[in-house]
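Counting the sequence shown from 1 gives a position; my numbering is that position plus 151.
Note that CB positions come from ideal geometry on N, CA and C, so glycine has one too.
Since we're looking at a predicted model, the values are computed, not measured.
Accompanying notes for the structure given below.
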Amino acid sequence: MTETSSHRYKPRNIINAPNVKSSIFSRSQQRGDSENIQRWLDINRMVAPKYPALVKQPFLSLDHR
Numbered sequence: 152m153t154e155t156s157s158h159r160y161k162p163r164n165i166i167n168a169p170n171v172k173s174s175i176f177s178r179s180q181q182r183g184d185s186e187n188i189q190r191w192l193d194i195n196r197m198v199a200p201k202y203p204a205l206v207k208q209p210f211l212s213l214d215h216r
């Protein structure tokens, strides 16, 4: 899969953090994720960018059912 500029990782900051968090929460609700999964996604959003090796590994699925 070829990366386009819109799909590359973009650092998060205080300006776009509320929008990012809202988008994560919205997609999580659409999938019907449990509250634990929603919290994990929020923590992962903050922690994973600090570890470049994790950012390069795609998530194949978040389907926990």
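Taking N170 as the centre and dropping the five residues before and after it, the same chain places no C-beta closer than 6 Å to its C-beta. Just so you know, the alpha carbons of Q180 and I194 end up roughly 16 Å apart. Counting only the Cα atoms, S173 lies some 15 Å from G183.
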